[in-house]
Amino acid sequence: MNKLLSILYIVFCSTIISQETPGSIQQKSILLLDGTAHIGNGQVIKRSAIGIENGKITMVENSLVRTIDTSNYDEIIHIKGKHVYPGFIACNSTLGLMDIGAVRASRDLYEVGEYNPNIRSIIAYNTDSKITTTVRTNGILLGQICPKGGVISGSSSLVQFDAWNWEDALIKADEGIHLNWPRYYNRSKKDKSQLLSNYQKRGKEIVEFFNRAFVYQKNSKTATTNIRLKAMNGLFNGTQQLYVHANYVKEITDIINFKKEFNISKLCIIGGYDSWMVAKQLKENNISVMLPRIHSLPKNNHDNIHLPYSLPSKLAESGVLFCIQNSGDMQEMITRNLPFMVGTAIAYGLDYETGVASITLNAAKILGVDDKLGSLELGKDATLFVSKGDAFDIKTNKVEISLINGRLISLDNDQIRNYNKYKKKFNID
Amino acid sequence: MVVSSPKKKARPNSPQYESSNKGPYYWNEAIHPEYKAIVDFTFNEKSNKELLKKGFGVVLSHREDGIARGSGFVSTLNTFSNKSLLLNDAACFYSFKKGSSNQVYPSSLMGCIALLRQFNYDADWYNNSTPAFKDYSIETYLNSLNKPQLFITNNNLDLLRAAKIANEFNLNYVIKGGGDEYERINEIKNTGKTFIIPLVFPKAYDVEDPYDASKISTRKLRHWLNAPLNLSILEKNEITFAITSKGLGAEAFLKNIRLAVSKGLSKESAYKALTETPASILMMSEEIGKIQPGKWANLIICSDEFFENKGVILENWVQGNPTILSISKEIDIRGKYNLNTNQNIRTLIVNGDRNKPKATIQYNLISDSITNGDLILDPVTGKPFKITKKKIVPVSISLEDNKINLSYQLNNGAFILSGVVNFDSGSWDGNGQNPNGNWIQWTAIRNEKFEVKKEIKIFTNDSTIYSPIYPSASFGFDTLPVNQSFLIKNTTVWTSENDGILFNTDVLINNGEIKYIGNVLDLVDKSTIIIDGSNKHLTAGLIDEHSHIAISRGVNEGSHSVTAEVRLLDVINPNDVNIFRQIAGGVTTSQLLHGSANPVGGQSALIKLRWGANADQMKFENAPGFIKFALGENVKQSNWGDRNTTRFPQSRMGVEQVYYDAFTRAKEYGESWKLYYNTKKKGKHILPQPRKDLQLETLLEILNSTRFITCHSYVQSEINMLMKVADSMGFKLNTFTHILEGYKVADKMKKHGAGGSTFSDWWAYKYEVKEAIPHNASLLNAMGITVAINSDDAEMGRRLNQEAAKGIKYGGMSEEDAINMVTINPAKLLHIDDKVGSIKVGKDADLVLWTENPLSIYSKVDKTFIDGKLYFDLNKQPEKERALRKERASIISKMIAFKNAGGKVQKVKPPNEILHNCSLIKDDGN
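In the order they appear, the protein sequences are chains C and A.
In terms of my numbering, the first sequence has 368 at position 226, counting the first letter as 1, and numbering is strictly consecutive.
In terms of my numbering, the second sequence has 884 at position 883, counting the first letter as 1, and numbering is strictly consecutive.
What follows is the structure in structure tokens.
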């Protein structure tokens, strides 16, 4: 059956010339046999049988204890010794909104003005970004695409990374609104008391805006249309999540109160460097966290030198729902290192399968799509990949098969083509 | 005294490259030794008085502007100002701050240092030759070298940097420090210099909120604790110092000097530092500094000993003129008196400031009780209730010598009294007028003295002994690691040599060297510390070819296109916690590079990460010098905004010509020296000596192959271009750093003999890196080019092992080749592979023990050795953290106690730290 796998490769490598063509709808049923399946919910099946039909997972079994009827499948792919993971999810991502950071024309992530809840990232999402094709080759198949800047940046949407256009890419539109909480500790040389008053002033402004939005949705029939306020409706009726970007205890404490004050049912903190210090309160208030980039320096000189590495394990102990995201400098291209950040977190205490969940099922839960994505469970979308080895370890992450909704996607990209071009020029094999 | 600040010049519309000072002056506006502060001097009554109140008689004033600031003057605080100037051009001032100059150069600390050095070389040359021009700046400088030379710095790092310049040019700088000398007291003592030490102590922080407290750096906490001990530590180390009161008002100055005395500074030393030593620094010991016949009659009269808390300066005599600052205690009239006016006795309370007392008359007024207009009657007696009201009447009081005037208003009118205070100050008497205009006699007899509180209450912490920590940052050492003999047993050794990976092997290190590799068994003596290396992996210490950690105030001298004269070694900051963080990531050697803001940047600093050492001790000994070059977007200012469009070059075409121009100049410079040396008559040089040019000298070193180039590069065209420039000018490109399109010109690089130091997978952050590929390192490696993986980033620097592993993932490299990219390959690129970079007998014992395969994501650094000393131990880290937490908590609790006792505190300000990378132009203020 390895023969079939190589046939699949040949098909992909030969038919694609420069731009990756989105995979076509699954026609034939596939059976992934004998790979180690990391389900995403904490479970692992060392020798698994995963059946995929019409874009869905139709069977997940332990092939050691069950006899698998292979005759039902058009293609049987033997992956013994290899690993299967649910497609990794890049949360709080800007992929497709910016390709070359230094080139103004390529930047589509900031809008002018401070309160822009009506801004929608999805319509600017570029499915043909050259970066995305280098990200999915490492197992990242889905992304929450977020606008940036201002106080309220706008709404984010969940997409998959193999599409003809943004409509095609869309999984969940406008699933949440992003609020950049004012910074309590601002790195400014100004007097602290002034900073504090700025923090409070900013906080009041936000409360006032939310008050207006709250009143607006109550009286939406009588009021004249205000598209900014209207865009906030989903936060109050629970159809949209409020993502609040903040790091420190003082900010998080205020955010918890804010959530109560406006009775916001879904709230997720993005960042949360200090979240482990207030984990109990976060759990009590049903607040989830998208932890900051693992590969970063501690924020205080006297912090444990490995603190950013161990944030996931610290939070995991508390039972707060969390996932790992990667915003920061050059975040678009660094997205491909997301699995390795999980690897580092595992080195610093995170349980392996919780590590899997931290960029699969947990993310799907936060995004509200765990009914169809995030794990290798019956009935879910067949959005998954096979890696030759442990996908969290750099030297063994080698994605061989990648499926989105059962569609086999190309694992080629410009970088690989360039490499091959020059290998050929210099006669290197 | 007030010397007016320079007028703020309007920021020019485009960067100003030339001096706006037209005339026979030095080319750079920050160098103006010809400036005389006296020109901008104005007498200011208030600041004069403030200095008198501190007890000073003579001050040295200058204008704080520029690098060579010009001269200051010595004046007395005599208010008869026509007598006050004792000496104009009394001393010359220098600093590392550019000041009000709008000229772009220098933009960094290393630029300031380079400029000052070049200026000194220029002055030497001017002095020893017959230049065909006049430079008034240099001439004034030369003429004033016999005067005291004062260098103003604000911290011990700058202080030591100034001392180095003094040594280089044989200048006798007196250096003003920052009050943190105790942190590096041995180094400071070894300079042999005299210092001027400020008395400004850091304010305590308001740390009642633990989250706020967590934002204060450990160094700041410690400095609050230790700063008051500074002077006593200087004294104990027999360092000569004067004290400056700059930055303090009179009250704060007196408080702080007494605080320093209470912390162990002897009164003799303190006195000397305020009198004799400054007089001698100013070379004015003949006139001032002691009470002696023939000297100026500058003296202060104190109520008690000056350095005692109860001491009050009563009078300050300057040139024989007294200023009364405080009325002597003998006529402290405060207290409670019985004031008797015509047999009416009332209580008079005198309180307030001793020199400006306030007074009130207090008596009881008895009246009927009335509510809503009705008399309230006592139900028993039927008579109105009597109520007693305490009445307080303000008294205006004035006291001149022993004459006293009182006036006050009672119900029946005003009393005006005049009299004298008798000697014991507790009894007054005199005459006055009552409201009727009749003359009356009065007396006031004190029956209670005003309780005199301590005149100046000093709040402080209880710290009395300074325990040094190296460096005074988080995770500093209280005792520095020492050389020991270690035997790492039964481990997997990644030799980075032909031997490849050895299993179950022992490695013995002793005396800082690798002594033995193999099976040692009983060879070791008892003092050898045995480390179980089973299931662990040992590699050579990692080498980061491209780092920007541990740099003070600017990684770019980004002003000019060529700045070969600036040196990173001048600006090492050994206190950067990132040094320790890198060690914890297995890095033992880092090349600190200049940024990429210009085609020719500055000279690199190669350091071993000897955490705790001083800046000089960090230097990698006997390593050849390097310099940073840069190509592409950064040097052509593509992303610098619309203001920066006038510096040449603005295109890659211009970059080539910058190099041709620079190396052509360097060659001609070399020729002129050759000619000078070779043209002799009777053994004597007959040609005028060429001017020493630090920039061209550095470029000449490149041409002479004594300095090597690391060139920031991205796009194939420019890489190719620079190799062609090098070939035609006769030099070599040693290393292309970043070299993201190296894979396109690998054949050409190989032919030229250049190595590559690249990012593992960075791309797409700017236009010129859109063709970068993560397979670059593997392809270069396969082509037989020496290739290293570098960080350019303080965070990634501590995960270089992971970055190396990407060579396996993307390019299918072998594990040995991958680890070599962060060990022996960078060592080869840096020409230090004879000392470090592999595990080989005789090499430096710079080693890292890993918990697993070092290329695995799950691997952690277990131990890091540098020069055979154990600098990092994962197992000891929790203990180290506990100790740090405890120390911080202890200082924080002291701050809280201090606040509760009434001490003043400031709000916590978050730290302002900037991490350097290649393209950072800003100065981070550290």
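Quick reminder that beta carbons are idealized off the backbone N, C-alpha and C, glycines included.
Handout entry: Collapsed DSSP secondary structure at residue 428 of chain C in the structure displayed
Key = coil
Problem - Residue from A:565, A:584 and A:489 with nearest C-alpha to residue 544 of chain A - result: A:584
Exercise for the section: Excluding the 5 residues preceding and the 5 following residue 143 of chain C in the sequence, name in chain order all residues of the same chain whose CB lies nearer than 6 Å to its CB. Expected result: With a pLDDT of only 45 at residue 143 of chain C, under 50, the local geometry of the prediction cannot be trusted, and the value read off the model is given with reservation. Result list for residue 143 of chain C: 218 and 220, in chain order.
Practice task
Kindly indicate which residue of C:556, C:555, C:566 and C:550 has the alpha-carbon position closest to the one of residue 197 of chain C.
Solution key: Taking each of C:556, C:555, C:566 and C:550 in turn and checking the Cα distance to residue 197 of chain C, the smallest one comes out for C:550.
Practice task
Give the single residue among C:410, C:386, C:567 and C:540 whose Cα lies nearest to the Cα of residue 291 of chain C.
Solution key: C:386
Problem - Start-end ranges of the alpha helix (DSSP H) lying completely within the stretch 49-97 of chain A, minimum 4 residues - result: 82-85
Exercise for the section: Could you check how far apart the C-beta atoms of residue 170 of chain A and residue 129 of chain A are, in whole angstroms? I think they sit under 8 Å. Expected result: Rounded, the Cβ-Cβ distance is 13 Å, inconsistent with contact.
Exercise for the section: Measure from the C-beta of residue 672 of chain A to each C-beta in chain C and report whether the shortest distance is under 8 Å. Expected result: Chain C, which has no Cβ nearer than 8 Å to the Cβ of residue 672 of chain A, makes this no.
Practice task
Let me know the secondary structure DSSP gives residue 542 of chain C once reduced to three states.
Solution key: DSSP, read as helix, strand or coil, puts residue 542 of chain C in strand.
Exercise for the section: Anything in the stretch 438-459 of chain C with a Cβ closer than 7 Å to a Cβ of chain A? List those residues in chain order, please. Expected result: 438, 439, 442, 443, 444, 446 and 447
Practice task
Give a yes or no on whether the minimum CB-CB distance between residue 533 of chain C and chain A is below 8 Å.
Solution key: No, no contact with chain A.
Exercise for the section: To the nearest angstrom, report how far apart residue 264 of chain A and residue 838 of chain A are at their CA atoms. Expected result: Approximately 49 Å, taken between the alpha carbons.
Problem - 8 Å Cβ cut-off: residues of chain A touching residue 301 of chain C - result: Chain A residues near residue 301 of chain C: none, gap ~19 Å exceeds 8 Å.
Exercise for the section: Label residue 278 of chain C either buried or exposed according to how many other C-beta atoms from any shown protein chain fall within 10 Å of its C-beta, with 16 as the threshold for buried. Expected result: buried
Exercise for the section: Spell out the partners DSSP gives residue 192 of chain C in its beta bridges. Expected result: C:174 and C:202
Practice task
Examine chain C for any beta-carbon lying closer than 8 Å to the beta-carbon of residue 775 of chain A, and answer yes or no.
Solution key: Taking Cβ atoms only, chain C reaches closer than 8 Å to residue 775 of chain A, which makes this a yes.
Exercise for the section: Work out the CA separation of residue 549 of chain A and residue 161 of chain A for me, nearest whole Å. Expected result: 21 Å
Handout entry: Between the CA atoms of residue 745 of chain A and residue 758 of chain A - distance to the nearest angstrom
Key = 15 Å
Practice task
Check whether the stretch 198-214 of chain C touches the stretch 236-252 of chain C, counting contact only when three or more Cβ pairs, one atom from each stretch, lie closer than 8 Å.
Solution key: Between the stretch 198-214 of chain C and the stretch 236-252 of chain C, the count of Cβ pairs shorter than 8 Å is below three; the stretches do not touch.
Practice task
With a cut-off of 8 Å on the beta carbons, I'd call residue 377 of chain C and residue 384 of chain C a contact; round off their distance for me.
Solution key: 5 Å
Exercise for the section: Could you check what DSSP says for residue 320 of chain C in three-state terms: helix, strand or coil? Expected result: strand
Practice task
Count the other CB atoms, across all protein chains shown, that sit within 10 Å of the CB of residue 676 of chain A; report buried if there are 16 or more and exposed otherwise.
Solution key: exposed
Exercise for the section: Check the DSSP bridge columns for residue 865 of chain A and list the partner residues they point to. Expected result: A:849 and A:873
Handout entry: Cβ separation of residue 131 of chain A and residue 600 of chain A, assumed to be a contact under 8 Å, to the nearest whole Å
Key = That belief does not hold up - the Cβ atoms of residue 131 of chain A and residue 600 of chain A are roughly 35 Å apart, past 8 Å.
Handout entry: Boundaries of the beta strand (DSSP E) in which residue 1 of chain A is found, first to last residue
Key = This structure cannot settle anything about residue 1 of chain A, because the visible part of chain A is limited to 2 through 927.
Problem - Completely contained beta strand (DSSP E) runs for the stretch 374-434 of chain A, where each covers 3 or more residues - result: 387-401, 404-411, 414-422 and 428-434
Handout entry: Proximity of residue 238 of chain C and residue 274 of chain C at Cβ, strictly below 8 Å
Key = yes
Handout entry: Where the stretch 777-803 of chain A meets chain C: residues whose CB sits under 7 Å from a CB there
Key = 780, 783, 784, 795, 796, 800 and 803
Exercise for the section: Taking the CB atoms as reference points, tell me whether residue 242 of chain A and residue 276 of chain A lie closer together than 8 Å. Expected result: Their beta carbons are not under 8 Å apart, which means residue 242 of chain A does not touch residue 276 of chain A by this criterion.
Handout entry: Contacts of residue 485 of chain C in chain A (Cβ-Cβ under 9 Å)
Key = Those within 9 Å of residue 485 of chain C in chain A are 803, 857, 858 and 859.
Problem - Per DSSP, cross-strand counterpart(s) of residue 440 of chain A - result: A:434
Exercise for the section: Would you check if there are 3 or more beta carbon pairs closer than 8 Å linking the stretch 807-814 of chain A to the stretch 833-848 of chain A? Expected result: no
Exercise for the section: Return no unless some Cβ of chain C is closer than 8 Å to the Cβ of residue 413 of chain A. Expected result: no
Exercise for the section: State the Cα-Cα distance for the pair residue 602 of chain A and residue 579 of chain A, rounded to the nearest angstrom. Expected result: Straight-line Cα distance between these residues: approximately 23 Å.
Handout entry: Minimum Cβ-Cβ distance from residue 241 of chain A to chain C less than 8 Å
Key = no
Handout entry: Residue nearest to residue 570 of chain A in terms of C-alpha spacing, selected from A:561, A:577 and A:592
Key = When each option's Cα is compared against that of residue 570 of chain A, the closest is A:592.
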